[in-house]
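Trainee:
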Amino acid sequence: MNSPLDVRIEALLGGWAPALGRPTCGPGCDRCCRRMTVLMTSAEAVRLVEGLRARPDFEAVRGVIGRRIAALQRALPASPEQALNALLDLGPCVFLDNRNCGVHAHRPDGCRAAYVWHEAWYCGRPDYDQCVPAELIHARIDRALALTLEEMDAGRRPYWGQILPAVWVMLEHGEAYAAGADLAQWLDPMWIEAELVELPSREHVLAEHAAQARAFEQEDFPFGAPRGSECASREDLRAFGQ
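Using this note's numbering, the letters of the sequence shown correspond one by one to residues 8 to 249.
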């Protein structure tokens, strides 16, 4: 399944290939899948849950997700930092299957854009996003904000958050979400307090979109990352990652 983001990413990778070569990432590498700290939008959660429901082992996978949610719930109430640590303590991504992604065709955009050029063993650190070129981070954020606005325009009340709670909310309340219900009535307030899930306003999304665009245009290292277009070789990205 090639999304608009996939097309944009492949164009960037192709443009950098003469100087940087292809990324380190590929089938069988699961280093960045060893933690469940991927941010995603409700639109991405819809896509992922649709893929899950088509699987013959859907109920079993749903049970695994539910048990992870129960374990996360036991760590609450928590500050955002404590909640992030609780997610890290849960171990590898719930969708990791024999070192491959079990939802690859429907994976979040944050996973689609997580390409690196350094040795794989650096991945999985809390700061590994800093090794991803700024153009890829910008493409992912830009797409997330655009999807959120599209959901609002369609009469839905979108949210974004960490992959585990974001997917669980859609599993539990997908039909209500599609009908335009405000999911705030079903969200645990502790999730919102811990910033596991957020229900942004249109004003917030528009302001965030403008701020992200401004940062990308004006900063030398937007989002704390180097620009792939300004790297002379993959060694530049490796050095930054280290």
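Glycine residues also receive a C-beta, built at the ideal position from the N, C-alpha and C atoms.
Specify, as a first and last residue, the run of the alpha helix (DSSP H) that M177 falls within.
Mentor: First-last of the alpha helix (DSSP H) with M177: I170 to A185.
Trainee: Using a 10 Å radius around the Cβ and a threshold of 16 neighbouring Cβ atoms, would you call D116 buried or exposed?
Mentor: So D116 ends up on the buried side.
Trainee: When burial is assigned at 16 or more other CB atoms within 10 Å of the CB, is H125 buried or exposed?
Mentor: So H125 ends up on the buried side.
Trainee: Can you round the beta-carbon distance between T44 and L154 to whole angstroms, since I take them to be within the 8 Å contact cut?
Mentor: About 20 Å separates the two Cβ atoms, so there is no contact after all.
Trainee: For D104, which of helix, strand or coil comes out of DSSP?
Mentor: Strand.
Trainee: Would you report the Cα separation of C40 and I170, rounded to the nearest angstrom?
Mentor: Looking at the two C-alpha atoms, the distance is approximately 12 Å.
Trainee: Can you give the Cα-Cα distance for F65 and L59, rounded to whole angstroms?
Mentor: Their backbone Cα atoms lie some 6 Å apart in a straight line.
Trainee: Under the rule that 16 or more other beta-carbon atoms within 10 Å means buried, what is V110, buried or exposed?
Mentor: Result: buried.
Trainee: Compare the C-alpha of V204 against each of A214, R164, A217 and F228 and name the closest.
Mentor: Here the closest residue by C-alpha is R164.
Trainee: Starting from the C-beta of R250, find all residues in its chain whose C-beta is less than 6 Å away, skip the five residues before and the five after it, and write them out in chain order.
Mentor: Since the first residue shown for the chain is 8 and the last is 249, residue 250 is missing from the structure and cannot be characterised.
Trainee: Which ranges does the alpha helix (DSSP H) cover as unbroken runs of at least 4 residues, wholly within the stretch 22-95, from first to last along the chain?
Mentor: Entirely contained in the stretch 22-95, the alpha helix (DSSP H) runs reaching 4 residues are, in chain order, 49-60 and 65-81.
Trainee: Can you give me the C-alpha to C-alpha distance between A183 and W128, rounded to a whole angstrom?
Mentor: The straight-line gap from Cα to Cα measures roughly 42 Å.
Trainee: Roughly how many whole angstroms lie between the Cα atoms of N9 and I199?
Mentor: Each residue's alpha carbon lies about 32 Å from the other.
Trainee: Across which residues does DSSP place V204 in a beta bridge pair?
Mentor: V204 is bridged to G168.
Trainee: A146: buried (16+ other C-beta within 10 angstroms of its C-beta) or exposed?
Mentor: Buried.
Trainee: What span of residues does the alpha helix (DSSP H) with F223 cover, start to end?
Mentor: Note, F223: alpha helix (DSSP H), R209 to Q225.
Trainee: What residue from N105, L97, I144 and P196 has the CA that sits closest to C118's CA?
Mentor: The shortest Cα separation from C118 among N105, L97, I144 and P196 belongs to I144.
Trainee: Under the three-state reduction of DSSP, which class applies to E285: helix, strand or coil?
Mentor: Outside the shown range of the chain (8 to 249) lies residue 285, about which nothing can therefore be said.
Trainee: Enumerate in chain order the residues of its own chain whose CB-to-CB distance from G187 is below 6 Å, with the five nearest sequence positions on each side excluded.
Mentor: Closer than 6 Å at the Cβ level, and outside the excluded window around G187, lie G162 and R163.
Trainee: Quick one: what does DSSP say L194 is sitting in, helix, strand or coil?
Mentor: DSSP places L194 in coil when its eight states are reduced to three.
Trainee: Give me the Cα-Cα distance between G70 and E226, rounded to the nearest whole angstrom.
Mentor: Looking at the two C-alpha atoms, the distance is approximately 44 Å.
Trainee: So what does DSSP say about S10, is it helix, strand or coil?
Mentor: Three-state result, S10: coil.
Trainee: Taking E142 and R234 to be in contact with their CB atoms under 8 Å, please state how far apart those CB atoms are, rounded to whole angstroms.
Mentor: The pair is a contact, with the Cβ atoms about 6 Å apart (cut-off 8 Å).
Trainee: Within the continuous alpha helix (DSSP H) that includes D116, where are the two ends?
Mentor: Where D116 is concerned, the enclosing alpha helix (DSSP H) stretches over D116 to R119.
Trainee: How many angstroms separate the CA atom of M197 from the CA atom of V174?
Mentor: The alpha-carbon atoms of M197 and V174 are separated by roughly 17 Å.
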